[in-house]
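Chains A and H supply the protein sequences, listed in that same order.
Heads up: the first sequence begins at 1213 in my numbering, then just goes up one per residue.
Heads up: the second sequence begins at 1293 in my numbering, then just goes up one per residue.
Reviewing the structure listed below.
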Amino acid sequence: MRYLLRRLAQTIFVVVVVTFLTSVALRFIPGGNEVIIALKTGPGANPEQAEAVIHELGLDRSVIAQYVMWVGDFVSGDWGQTFQTNQSIATEFKRALPVSAYLMVYSQVIALVLAVPVALLSAYRQNSRFDRLASTATFGMLSLPNFIVAPILVLLFSVQRHWFPFPSIYHGLWDSPLDHIKAFALPSITIAIPLYAGYMRVLRADVIGTLQSDFITTARAKGVSTGALLLKHALRPSLFSLVTSAAVQIGALMGGVVIVESYFSMNGMGRVTVEGIFKKEYTTVQYGVALIALVYLAVNLLVDLTYAWIDPRVRRARAMG
Amino acid sequence: MSSTDVPVIDDPDAPEVPLAALPTKKVKVRRRGRVAKWLAIAWLVFMTVSAIGANSLPYIPHECSGSTSTCSTAIKGDILTKRELPPSWAFWVDPVNPVLPGKPTHHGLMGTDSNGRDIFARAMLGARNSLIIAGLAITIGLAFGTLLGMVAGYFRGWADTVIENLTNVMLAFPPLLLTIFVVTFFNKPDTAEAAQRPLWPIILALVVLSIPPLTRLVRANTIAYAQRDFVTAARSLGAKRGRILFREILPNIVPTLVSFALTGMALLIIAEGGLAFLGQSVELPIPTWGKMIAEGKEKLRAGAWWISLMPAATMFLTLLSINMLGDVLSQRFNTREAIA
Chain A
1213 MRYLLRRLAQ TIFVVVVVTF LTSVALRFIP GGNEVIIALK TGPGANPEQA
1263 EAVIHELGLD RSVIAQYVMW VGDFVSGDWG QTFQTNQSIA TEFKRALPVS
1313 AYLMVYSQVI ALVLAVPVAL LSAYRQNSRF DRLASTATFG MLSLPNFIVA
1363 PILVLLFSVQ RHWFPFPSIY HGLWDSPLDH IKAFALPSIT IAIPLYAGYM
1413 RVLRADVIGT LQSDFITTAR AKGVSTGALL LKHALRPSLF SLVTSAAVQI
1463 GALMGGVVIV ESYFSMNGMG RVTVEGIFKK EYTTVQYGVA LIALVYLAVN
1513 LLVDLTYAWI DPRVRRARAM G
Chain H
1293 MSSTDVPVID DPDAPEVPLA ALPTKKVKVR RRGRVAKWLA IAWLVFMTVS
1343 AIGANSLPYI PHECSGSTST CSTAIKGDIL TKRELPPSWA FWVDPVNPVL
1393 PGKPTHHGLM GTDSNGRDIF ARAMLGARNS LIIAGLAITI GLAFGTLLGM
1443 VAGYFRGWAD TVIENLTNVM LAFPPLLLTI FVVTFFNKPD TAEAAQRPLW
1493 PIILALVVLS IPPLTRLVRA NTIAYAQRDF VTAARSLGAK RGRILFREIL
1543 PNIVPTLVSF ALTGMALLII AEGGLAFLGQ SVELPIPTWG KMIAEGKEKL
1593 RAGAWWISLM PAATMFLTLL SINMLGDVLS QRFNTREAIA
C-alpha cells in the first residue's frame, strides 16, 4: 500500500510538471508573441486581432491561470485549430492515434513471436551452433538503427520486388485488409528488429538461469519432453524481465518512432508532433507531447503496479529503494 | 576431442563436466571473440584516422582547406560525369543514367551520389562529425550524470528525491522529440542563417538525452558501494565527504561507467543520425551519416542503392564495433568484480 501511494504520488508529480512545462512553452518561443500572432493571422495583423490571439491562448494571464486554462482545454477535448491551415488539432490526433497503435501492436507481435522461440532454443542448447549464430545475429541487430533498416527493406521489397507500396498509404484494417497489411508490413518490421534483439537477449539470459534450477531437473527426471519442458516449465518463470521491457516499450513506441513514420510517410503521433515543431504549429506540439508523455507514464505506472500486485517482493524492494 | 573422450565411467571421482564447459569448446569460443574484438578495434582505429585525415582523402579538392563548411567532395570532371556512379567493385550494376562513351562507369570504394560527390570521402567527413558530436556529448553527460548520481546515491534524503523526480520528468518526454525541440529552440528561426548552424545545440540536446540514464546508473552503483566496509572505514577515519565520494566510491564505479559510456556513445551516434535523418543536425555542406542515408531515399527507387547503403554500412560497422567493445569491457569488469 505504501508503495502504491508512493508510486502514484510520483507519477502525479511527473504528470503535473510535464503538462505544466508543455502548457507554458508558448511563452518561450524564439521570437515571442509576435511570431504566434503572425502565424495565426498572417502578416500585418491589426491590434484587435493580435489582442484576440493573445487572449485566446492565455498569454495575457499569469502562468498558473494559463496552465489551468490549458488543462481545461486538454480535458474537454477542445484543442483549437492549427495556426496556418485552421484544421482541428483534435481531429489530427484522432487520425494519428490508430496509425501509431497499429504500428506498435504489429511490431510488438513480430518481435515477440520471433524472440520467444529463438531465445528458448538458444538457451536450451547454450553455445551450440544455433545459439552462436542466433546470438551473433541478434547482437548485430542491436547496431541497426531504424534509418538503416528502412532503406534496405524498401530496396529489397519495394524496389526490386514490388510487393509493398512505398511510401506507405494508410488503409483502415476493416476497409481493405490486404492494403492495410501491405502498408504496415515494412514499417512494422523495421521497428521490430531492434525490439526483437532486446527481447531475445533478455529472455535468453533468464531462461539460461531458469534451466539451472532444481525443478527443471525434476521435470526432466519425470520424463517430460523437451518441448513441454521449455514451454510449460522453463518459459513462465523466465518471463518477468521480458514482459516488463515489452510493456515499457508500449509507451515508448507510441510516440518514439518518428523516423520510421517519416521515412514511410505515415502520420502517426510522433510524426504529427515533429512536423508541428518544423511548421511552428506550437499548440499541436503542446498537445502531442502531453499525449505521448501521458501514455508513456500511464503504461509505466500500470506495469509497476501490476508487478507489485503479482509479486509482493517487488512491493517491498521498491518501497525501500 | 569430443565429449565421449571424457572418462566419466572409468573414474568415479571425475567431476561431472557439463557439455558447454568442455575445455576444447571454451577455447574455440574465446578465440572467436578475440578475433572479433581486434577487428572491432581495427575498424575504430581506421575510422578515427580517416575522420581526422578526411580533408586530405583523394577526391576532395584541396581548395576546401579553409573551413570545413565550404569543403566540396565533388570528383573532378565535366558536368556529364557528375551523376550517381556505382562503386567500382559492383561490376554487375549498370549506371542508372546513360554514360557517354569514354567516361567512367564506376567510381571509387563507395560510388558517387547524384551530384557526383565521392561517397567514401563524404562518409569519412561524416564520421568526423558523428564521432566528435557523440564523443563530446557522452563526456559532458558523464560528468553531469556522475555528479548527480553520486549526490543522490550518497546523501539520499531530499537531494535524492529531487534528482529522482527530475530524472523521471526528463524520461517522460519522448527522447527524439526532446532533442528536436532543443535543437530547433536554440537554432535561429530564419533559414538564411541555417547554413551556419552551430554544433553546440546538437551536443546540448544529446547531453540532455544522456544525463537521466547515467544518473540512474551511478546512483544505483553509489548506493551499493556506500554500504561497503571500506567506505565505513574511511568515514570512521574522519575522511571528508568529498574524499569519500571521489577517492573511495568513484574509482569503483569507473569501470562500469566506461563500458556503459561506450554503449551510450553508440546510442548517441544513432540519435544524432536520427536528427540528421530528419534534417535537424549539422547543415548541408558538411555531411553526416544520417543525412547521407536520407538523401539517398529518392534515388533508392531509381535503383541507386549505394547512395543510402554505403554510409549505412559504415555506420553499422562503427556501431557494431563500439557495442562489441562495450560488451567485452563489461564482461571483463564483471569477472574482476566477481573475483574480488
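Virtual Cβ for every residue (Gly too), placed ideally from N, Cα, C.
Taking the CA atoms as reference points, residue 1420 (chain A) sits about 24 Å from residue 1404 (chain A).
At least one CB of chain H lies nearer than 7 Å to the CB of residue 1226 (chain A).
With the criterion set as a beta carbon lying under 9 Å from some beta carbon of chain H, the stretch 1398-1421 of chain A has no members that meet it. Of all residues in the stretch 1338-1356 of chain A, those with a C-beta nearer than 8 Å to a C-beta of chain H are 1338, 1339, 1344, 1351, 1352, 1354, 1355 and 1356, reading in chain order. With fewer than 16 other beta carbons inside 10 angstroms of its own, residue 1372 (chain A) counts as exposed. Neighbourhood of residue 1222 (chain A) in chain H, by CB distance below 9 Å: 1456, 1457 and 1460, in chain order.
At a C-beta separation below 9 Å, residue 1371 (chain A) has these neighbours in chain H: 1592, 1593, 1594, 1595 and 1597. Cβ-Cβ distances below 7 Å link residue 1625 (chain H) to 1547, 1548 and 1551 in the same chain, with the five nearest sequence neighbours on each side left out; the list follows chain order. With a beta-carbon spacing of about 30 Å, residue 1495 (chain H) and residue 1517 (chain H) fall beyond the 8 Å limit used to define contacts. The Cβ-Cβ distance between residue 1442 (chain H) and residue 1510 (chain H) falls below 7 Å. Within chain A, 1351, 1354 and 1355 have C-beta atoms less than 8 Å from the C-beta of residue 1615 (chain H), given in sequence order. Under the three-state reduction of DSSP output, residue 1404 (chain H) falls in the strand class. Collapsing the DSSP output to three states places residue 1410 (chain H) in a strand. Cβ-Cβ separation between residue 1496 (chain A) and residue 1484 (chain A): approximately 7 Å, consistent with a contact (criterion under 8 Å). The Cβ atoms of residue 1446 (chain A) and residue 1423 (chain A) sit closer than 7 Å to each other. Sequence-distant partners of residue 1343 (chain A) (beyond 5 residues in either direction) whose C-beta falls short of 7 Å from its own C-beta, in its chain, are 1334 and 1337. Rounded to whole angstroms, the gap between the alpha carbons of residue 1359 (chain A) and residue 1380 (chain A) is 16 Å.
By the 16-neighbour rule on beta-carbons within 10 angstroms, residue 1598 (chain H) is buried. Taking a contact to require three or more Cβ pairs closer than 8 Å, the stretch 1222-1235 of chain A and the stretch 1487-1506 of chain A qualify as touching. Taking 7 Å as the cut-off, the Cβ atoms of residue 1437 (chain H) and residue 1507 (chain H) count as close. Contact annotation: in the stretch 1558-1571 of chain H, residues whose CB is within less than 8 Å of a CB in chain A are 1558, 1562, 1565, 1566, 1569 and 1570. Comparing C-alpha distances from residue 1328 (chain A) to each of A:1282, A:1355 and A:1455 shows the shortest one belongs to A:1455. Distance check between residue 1376 (chain A) and each of A:1435, A:1394 and A:1387 places A:1394 closest, using alpha-carbon atoms only. Residue 1433 (chain H) is positioned such that its CB atom lies closer than 7 Å to that of residue 1503 (chain H). Taken in chain order, no unbroken stretch of beta strand (DSSP E) lies wholly in the stretch 1289-1329 of chain A with a span of 3 residues or more.
Taken in chain order, the stretch 1383-1459 of chain A contains no complete beta strand (DSSP E) segment of 3 residues or longer. The DSSP-derived three-state label of residue 1479 (chain A) is coil.
About 16 Å separates the beta carbons of residue 1503 (chain A) and residue 1223 (chain A), which is beyond the 8 Å limit, so they are not a contact pair. For residue 1332 (chain H), the closest of H:1429, H:1557 and H:1611 by C-alpha to C-alpha distance is H:1611. Residue 1471 (chain H) counts as buried, since no fewer than 16 other beta carbons sit within 10 angstroms of its beta carbon. For residue 1585 (chain H), the closest Cβ of chain A is nearer than 7 Å. Under a criterion of Cβ atoms nearer than 9 Å, the residues of chain A adjacent to residue 1588 (chain H) are, in order, 1363.
Contact between the stretch 1468-1481 of chain A and the stretch 1311-1330 of chain A is present: 3 or more CB-CB pairs across the two stretches fall below 8 Å. The beta carbon of residue 1318 (chain A) sits closer than 7 Å to the beta carbons of 1396 and 1400 from its chain, once the five residues preceding and following it are set aside; these are given in chain order. Counting along the chain, the unbroken alpha helix (DSSP H) around residue 1228 (chain A) starts and ends at 1214-1236. Counting along the chain, the unbroken alpha helix (DSSP H) around residue 1503 (chain H) starts and ends at 1492-1518.
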